[in-house]
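For the record, the sequence lines run as chains S and P.
In this text, residue positions in the first sequence follow this note's numbering: the first is 1, and each later residue adds one.
In this text, residue positions in the second sequence follow this note's numbering: the first is 1001, and each later residue adds one.
Structure, as C-alpha cells:
Protein chains: 2
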Amino acid sequence: IQNNKIKKDKQSMTFGNRGMTLEEDINASNEAYNLRGVAVIHKKPTPVQIVQVDYPSRSAAVIKEAYFKQASTTDYNGIYRGYYIDFEAKETQSKTSFPLKNFHEHQINHLRNCVTHKGICFVIIRFTAFNQVFLLPASALFQFWDAQQNGGKKSISYQDIQKNALEISYGFSPRLPYLDAVDKLILQIEESSN
Amino acid sequence: IQNNKIKKDKQSMTFGNRGMTLEEDINASNEAYNLRGVAVIHKKPTPVQIVQVDYPSRSAAVIKEAYFKQASTTDYNGIYRGYYIDFEAKETQSKTSFPLKNFHEHQINHLRNCVTHKGICFVIIRFTAFNQVFLLPASALFQFWDAQQNGGKKSISYQDIQKNALEISYGFSPRLPYLDAVDKLILQIEESSN
Ligand SMILES: [Mg+2]
Ligand SMILES: [Mg+2]
C-alpha cells in the first residue's frame, strides 16, 4: 500500500499541474495548440481603466494610476475547427460544490448570446483539492444558473459536475488537453441539433 | 456648385463620424449589433503589464505602476452568423496610401493562423482626410505584406485599397455598418473555395 501511494504521487508529480494555476495550465496548452496549428485561442487581457500616464523622455510610457474593471465577457475565446470558441476558467477550493457566485450575470448573458450565434461555449472548472478539471457545457451551466434565479441551489454540487461535465486529464503537452473534451462537446451539440 | 457643396457637408455632418475615432465608431456599432442579436464582437482590452498595485483599506485596488505591452493579436474578435470574426482597425492621415508599418509581423501571423482555421479576417482602414472607411480582406493584406517582404512597396496605395477593399458607408445605427461588407466577404470566400 505504501509503495502504491508513492507511485501514485510520483505520477501526479509527472503529469500533474506542478503548482500552476488553472490559467497558467490553459495558457501553456493554448500555446502548444497554436504552435501545432491546432487552434488559435487566447486569454483576453485583464480590462483596466487607465487614469494617468506619464511619458518620461527616452523611456516607455508609465501608467501611474489605473483601476481594475469588471470583465464584461469571458476569459478566453478563439477559433478551433472553424468553430468560434468562448469560455471561462474557474478554480474552487471547495470539495463539495462549485459556487455560482463565481459568475456575473453579464458573463452568463455573453455566453448565451454566443451560443445563440452557434459558438461552442463552456466553463473549465478545477477542483483544486482533488486536482480535477472538468469542462462543463454552457447549456448545463445555464440550467443551474436559471434554477438558482428561481430559488434553487446557489452552487453546483460536485456530483452534478461529474454527471454533466466532461473530465479533462492532465497530459504532457498540451498540459491540459481540453480540446479533446471540446471535440466530444461539438459531437453532442451536432447530434442534439439533428 | 456652392449649393451642392453645402448639401454634401450637411449630409456628412448627419451621417458622418462627428469627430469620433474609428475605434469609437466600431465599438458603438458592435454595441448596436449586440443589442439586436446580430453578432457578438468585442474590442479586446489593451494589454498592460502590471508592476505595482496598492490596496487601500475600504477602497478599490489602485494600479500604481504598469506598462503598455505590445498586442500579440488583433483589436477585435467575436462571432457572426456562426463564423469566427477577427480584425484590426487602423486610421491613417495619409491621402495617398496606407503604410504597412502599421502592422507587426505577429499580427499578420495571427491573422494567417485564423484564416487557416476558417475565420473571417480583415482590416478596417479609415482615411481620415476623406472620412472614408474600407474593409480590406486579410487575403489582400497578406499579398501586400508579402510583396513588401520581398522588396516591394512599404505601403498600400489609395488606389489599391479602392481596388481590393469594400467601402463601408456611414449610417445612423449602427454608425458603421461594417457587417454588410462582411456579408459580401463571406460570399467571396465561399465562392472561391467552391
Ligand atoms: Mg477566470
Ligand atoms: Mg487598431
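Where a beta carbon is used, it is the ideal one built from N, C-alpha and C, also for glycine.
| Query | Result |
| --- | --- |
| So the beta strand (DSSP E) P:Y1080 belongs to, where does it begin and stop? | 1076 to 1080 |
| From the beta carbon of S:H106, is the nearest beta carbon of chain P less than 8 Å away? | no |
| Do you know offhand how far S:G119's Cα is from P:G1082's? | 7 Å |
| Is there a C-beta anywhere in chain S that falls below 8 Å from the one on P:I1063? | yes |
| My guess is that S:A147 and S:F122 are in contact by the Cβ rule of under 8 Å, so how many angstroms apart are they, rounded? | About 18 Å separates the two Cβ atoms, so there is no contact after all. |
| For P:N1194, collect the residues of the same chain with a Cβ closer than 6 Å to its Cβ; drop the 5 residues on either side in sequence, then sort them by chain order. | none |
| Please determine if the region 1025 to 1042 of chain P and the region 23 to 32 of chain S are in contact, where contact requires at least 3 C-beta pairs separated by less than 8 Å. | no |
| Please compile the residues from chain S whose C-beta is within a distance smaller than 9 Å of the C-beta of P:T1046. | P45, P47, V48, I50 |
| Closest Cβ-Cβ distance between P:N1077 and chain S: below 8 Å? | yes |
| Would the beta-carbon of P:A1129 be found less than 7 Å away from any heavy atom of ligand 1? | no |
| Could you check if S:Q107 is buried or exposed, using at least 16 other CB atoms within 10 Å of its CB as the buried criterion? | buried |
| S:A89: beta carbon under 7 Å from a heavy atom of ligand 1? | yes |
| Alpha carbons only, please: which of S:N164, S:T116, S:N131 is nearest the one belonging to S:E195? | Summary: the structure shown does not reach residue 195 of chain S, with chain S confined to residues 1 through 194, and so no result is reported for it. |
| Between P:K1044, P:V1051, P:P1056, which lies nearest to S:G78 when the distance is taken from Cα to Cα? | P:K1044 |
| For the region 1104 to 1149 of chain P, which segments carrying the alpha helix (DSSP H) assignment without a break, of at least 4 residues, lie completely within its bounds, in sequence order? | 1105 to 1116, 1138 to 1149 |
| Which parts of the region 23 to 91 of chain S are runs of the beta strand (DSSP E), unbroken and 3 residues or longer, counting only runs that do not cross its ends? | 39 to 43, 48 to 54, 62 to 68, 76 to 80 |
| How would you call S:Y55, buried or exposed, if buried means at least 16 neighbouring beta carbons within 10 angstroms? | exposed |
| Given 7 Å as the limit, tell me if S:D86 has its C-beta closer than that to any heavy atom belonging to ligand 1. | no |
| Give the DSSP-derived three-state secondary structure of S:S193 in the structure shown. | coil |
| Tell me whether P:D1075, by its Cβ, gets closer than 7 Å to a heavy atom of ligand 2. | yes |
| Among the residues of its own chain, which have a CB less than 8 Å from the CB of P:A1165, if the five just before and after it don't count? | I1125, F1134, L1135, L1136, P1137, A1140 |
| Along the beta strand (DSSP E) that carries P:S1097, what are the first and last residues, could you check? | 1097 to 1099 |
| Among S:F142, S:R58, S:H42, S:F127, which has the Cα closest to the Cα of S:S196? | A question about residue 196 of chain S goes unanswered here, because the residues of chain S that appear run from 1 up to 194. |
| P:L1176 by DSSP, collapsed to three states: which one? | coil |
| Report yes or no: is there a C-beta of chain P within less than 8 Å of the C-beta of S:T74? | no |
| Output the boundary residues of the beta strand (DSSP E) element that contains S:S157. | 155 to 157 |
| Name the chain S residues whose beta carbon is nearer than 8 Å to that of P:N1034? | N113 |
| From P:T1096, P:L1111, P:K1095, pick the residue whose C-alpha is nearest to that of P:A1089; which is it? | P:L1111 |
| In chain order, what residues of the region 1134 to 1159 of chain P put their CB closer than 7 Å to some CB of chain S? | none |
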